[in-house]
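Colleague:
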Amino acid sequence: MKKHALLTLLVLAGLLLAACGGAAAPAATEAPQEPAPVEGGLPDLGGRSITVAVENAYPPFNFIEEASGEPGGWDYDAVAEICNRLNCVPEFAQAAWDGIFPAMEAGEYDMLADGVTFTAERDEIVDFSTPYVTIGQVLLIRADQTIDDLAAFRADPQVLVGTQIGTTNEIVAKENFPEDRVQSFEEFGGAVAALLAGDIDAVVIDTVSAVGFINANPGLLLIGPQLTSDEQLAFVFPPGSDLVEPVNAALAAMQADGTLETLNARWFNPQ
């Protein structure tokens, strides 16, 4: 809309100069054409750089390898594949979870890739892609623990659970346990460290991330009872972003040819 309006103004200005005897205005160019689709009928973003926010502390979605110091995870592989199909360049930026939605609403990043659950409340201030996986929430526990009776575990006044602040996991934790027995951490890594140290008795976390922390701590953690089973994860964009439709098209193509299933199997299953 803005491009077409600017073109109209330029044409009118040229006619006005000609009518006043001024120098002839250059001929107006045609309106830019829509980007040609790349192979497979996907939009071509023309090598555009995309700033992608990640925590780098949320395995298996994103993390930093201790040995190499290199980033990795599902988000890095999935966004790289999306940009390969759309002809764009991902530029990953580490961002804290706390305050990320106001930052996305303000357009500080082009895209958020961090295992984000779609909610109607969040959808009021940001835009979401189509979901790429449906998950549930569970209790992550130490390998030396057993929870045979979830109701009794919930009722035990000595039980403390951890989670990450500002997440749907925190909401579920407080729905299942008294608030004074829920400890919210800045990152899930802090909650898991507290669990391993015996300071808390479980972590409320989604199934996929539970697998990520289990793989990162072989033999030390287990998935306990499930609390929910219907959360859809999606990418996040500033409101009105022109990236939503191209990313959705890429996700649909990845679903159709099995690439998405391969990525999910690689990162979301126990090793």
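The sequence shown maps to residues 33 to 303 in this note's numbering. Note that CB positions come from ideal geometry on N, CA and C, so glycine has one too.
Taking the DSSP output, what are the residues bridged to Val84?
Modeller: Answer is Phe124 and Met143, bridged to Val84.
Colleague: Using a Cβ-Cβ cutoff of less than 7 Å, which residues in the same chain neighbour Ser216 once the five nearest sequence positions on both sides are dropped?
Modeller: Thr195, Gln196, Ile197 and Glu202
Colleague: Based on the DSSP secondary-structure assignment, which residues constitute the bridge partners of Asn94?
Modeller: Tyr90
Colleague: Pro302: buried (16+ other C-beta within 10 angstroms of its C-beta) or exposed?
Modeller: exposed
Colleague: Could you work out which residue in Val111, Glu277, Leu228 and Asp142 is closest to Asp176 when comparing CA atoms only?
Modeller: Leu228
Colleague: Inspect the CB distances between the stretch 151-166 and the stretch 259-270 and report whether three or more fall short of 8 Å.
Modeller: In short, these stretches touch, since the Cβ pair count reaches three.
Colleague: Counting C-beta neighbours from all protein chains within 10 Å, is the total for Ala183 16 or more, i.e. buried, or is it exposed?
Modeller: The residue is exposed, with fewer than 16 neighbouring Cβ atoms inside 10 Å.
Colleague: Would you report the Cα separation of Val279 and Pro103, rounded to the nearest angstrom?
Modeller: 22 Å
Colleague: How about Val158 and Phe124: are their beta carbons less than 8 Å apart?
Modeller: Not closer than 8 Å, so no.
Colleague: Can you list, in chain order, the stretches of the beta strand (DSSP E) that have 3 or more residues and sit fully within the stretch 164-222?
Modeller: 165-174, 193-196 and 214-217
Colleague: Going by C-alpha distance, which of Ala145, Pro134 and Tyr141 is nearest Glu156?
Modeller: Pro134
Colleague: The beta strand (DSSP E) with Pro257 in it runs from where to where?
Modeller: If you look at Pro257, you'll find it in the beta strand (DSSP E) that goes Leu253 to Phe269.
Colleague: If you run the structure through DSSP and keep just helix, strand and coil, what is Thr239?
Modeller: helix
Colleague: Cutting at 6 Å between CB atoms, please list the residues of its own chain near Thr239, excluding the five before and the five after it.
Modeller: Excluding sequence neighbours, Thr239 sits near Ile167, Gly168 and Val170.
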